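First up is the structure itself, then whatever we jot down about it.
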DNA sequence: CTCGTAACGCACAGATCCTGGCCTTAGGGG
DNA sequence: CCCCTAAGGCCAGGATCTGTGCGTTACGAG
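Residue numbers (the numbering used here), protein chains in the order written: chain A, 386 to 563; chain B, 386 to 563.
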C-alpha cells in the first residue's frame with residue numbers, strides 16, 4: 386500500500402477552544418478533588434462540552450488526565466543555551482521548580498504519577514529527553530540518568546510528597562554534584 | 386490465641402476469612418489495574434463476597450484501599466544496625482527497592498502519590514524518620530534531607546515513573562555520594 | 001449448650017457512566 | 001469559492017455502580 390492520505394488533523398479555531406476549555410476544567414477539578422475522583426461527565430459539564438466528545442477523544446478519564454498532564458510544560462520551548470552547560474542546567478532546574486510550585490501543576494503531576502504504570506504513559510518523558518540533551522552537551526562528564534537521579538528526582542519527589550519544602554531547594558548544590 | 390480486648394467486635398472465623406479474601410482481591414486488582422480503576426463490585430466478585438458487605442464496612446473504594454494498603458511496610462521492623470552506618474544505609478536502601486519491586490507495592494505507592502496533597506501524607510513519613518535516624522548516627526557527615534535527596538528520591542522516582550529500571554540501580558553509588 | 005447480636009448474603013431501586021448512531025458545523029486544501 | 005471530512009453536539013439504550021431494607025448465619029460470651 387502506498388502512503389495513506391495524510392492524517393490531517395484539525396488544530397485551529399473551534400477544536401482548539403474546546404480543548405482549552407476541557408483542559409481548564411480538568412485542572413480545576415484535579416486541584417479541587419484529586420485526580421482519582423474525576424469523571425468524564427463531570428469534566429464535560431464544567432467545560433460546557435458534550436461528554437461524547439471527551440469519550441471519543443480519550444476513551445477514559447485516566448488517559449485524558451495523563452495526556453493533559455504531559456502537555457503542561459510546553460515541549461516546544463527552547464532550552465537555555467548560553468554555552469555554559471552548568472548554568473544552563475541550573476536555569477532549567479529552576480524553571481522546573483518554578484513550574485511545579487503552582488499547586489495546580491503539582492496536582493496534575495500527582496495525577497500523572499497515579500496513571501503511570503508498568504508500561505509507558507510517562508508524563509515526564511520530555512524531561513528525560515531534555516536531561517539526555519544536556520548530558521550530550523556535557524561531553525561525557527555526566528549521563529542523562531545522572532541528571533535524573535541527582536536533579537530531577539529530588540525535585541519531583543518534593544513536588545509530590547513535600548511541596549512546602551520546594552522553596553528550600555538549592556539548585557546549585559544539585560548541579561555541582563554532577 | 387485470641388488476645389482481644391475489644392468488647393464486642395467479631396474478629397475471628399468467618400469474618401477474618403472474608404477480610405483476608407477481600408484484601409487479597411484488592412492487592413491483585415491494584416497491581417493489575419492501578420489503584421484508581423478499582424470498583425467495589427469488582428473486588429466483591431473476585432473475593433467471592435457480596436458487595437454489600439464491602440459497602441457497609443468501608444463505604445467507598447478510596448477508604449477501603451487506604452485502609453488495606455496502609456501497613457504494607459511494617460513501621461515496627463528494625464533498621465539494620467551493624468555499627469557501620471554506610472553498609473546499614475545500603476542495606477536499608479536495598480530493602481526499600483526490594484519492597485517496591487513488587488508491582489502491588491509500587492501501585493500502592495502511586496495511589497499514595499495521587500492522594501498526597503498540601504499536607505504531609507503518611508505513606509512515606511516513616512521513611513523520612515528513618516532517614517533522619519541514619520543522619521543522627523552519621524555524626525554530622527550528612528543530614529536527613531541529604532539521605533532523602535540522594536537515596537530515597539531517586540528510588541521512589543524510579544518506582545513511580547520508571548519501574549522497569551529498578552533492577553539497574555546501584556545502591557552503593559547512591560550511598561557513596563554522601 | 002444457649003442466647004444476643006455483629007456480620008454476611010440476597011434482592012431491589014436509584015443514580016451514574018459508557019457507547020454508538022445520526023446529524024450539524026466548520027477547518028483546511030484545491 | 002467549493003468540496004471533503006474531521007470533529008462536536010444530541011439522544012437513546014444498555015451496562016455498571018452505589019446504596020439500602022430484610023432475613024439468615026454464626027461468633028463469642030455466659
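Idealized CB from N, CA, C, for every residue including glycine.
None of the values given here were measured: they were computed from a predicted structure.
Whole-Å CB distance - residue i paired with residue j, under 8 angstroms assumed
i                      : j                      : result
residue 447 of chain B : residue 501 of chain A : About 19 angstroms separates the two Cβ atoms, so there is no contact after all.
residue 540 of chain B : residue 493 of chain B : Not confirmed; about 15 angstroms, so no contact.
residue 449 of chain A : residue 403 of chain A : So it is not a contact: roughly 13 angstroms between Cβ atoms.
residue 537 of chain B : residue 491 of chain B : That pair is no contact at about 15 angstroms.
residue 562 of chain A : residue 535 of chain A : 5 angstroms
residue 516 of chain B : residue 533 of chain B : 5 angstroms
residue 486 of chain B : residue 551 of chain B : 6 angstroms
Where residue i falls: helix, strand or coil (DSSP)
i                      : result
residue 392 of chain B : For residue 392 of chain B, the predicted model reports a pLDDT of 48, less than 50, meaning its position is unreliable and no value from the coordinates is stated.
residue 536 of chain B : helix
residue 448 of chain B : helix
residue 421 of chain B : helix
residue 554 of chain A : coil
residue 401 of chain A : helix
residue 546 of chain A : helix
residue 462 of chain A : coil
residue 562 of chain A : coil
residue 469 of chain B : coil
residue 432 of chain B : helix
Contacts around residue i, its chain only, beta-carbon distance under 8 angstroms, and the 5 residues preceding and following it disregarded
i                      : result
residue 440 of chain A : 425
residue 421 of chain B : 496, 499
Residue i burial status per 10 Å Cβ neighbour count (16 or more: buried)
i                      : result
residue 488 of chain A : exposed
residue 464 of chain A : exposed
residue 477 of chain B : buried
residue 398 of chain B : exposed
residue 555 of chain B : exposed
residue 472 of chain A : exposed
residue 400 of chain B : exposed
residue 416 of chain A : buried
Beta-carbon contacts of residue i that lie in its chain and below 7 angstroms, excluding the five residues immediately before and after
i                      : result
residue 408 of chain A : 453
residue 435 of chain A : 429
residue 546 of chain A : none
residue 467 of chain B : 473
residue 559 of chain B : 478, 535, 536, 539
Own chain partners of residue i with C-beta closer than 6 angstroms, once the 5 adjacent residues on each side are dropped
i                      : result
residue 432 of chain B : 406, 407, 410
- Message: So within the region 494 to 523 of chain B, which uninterrupted alpha helix (DSSP H) runs reach at least 4 residues, ignoring any that extend past its ends?
- Response: 510 to 522
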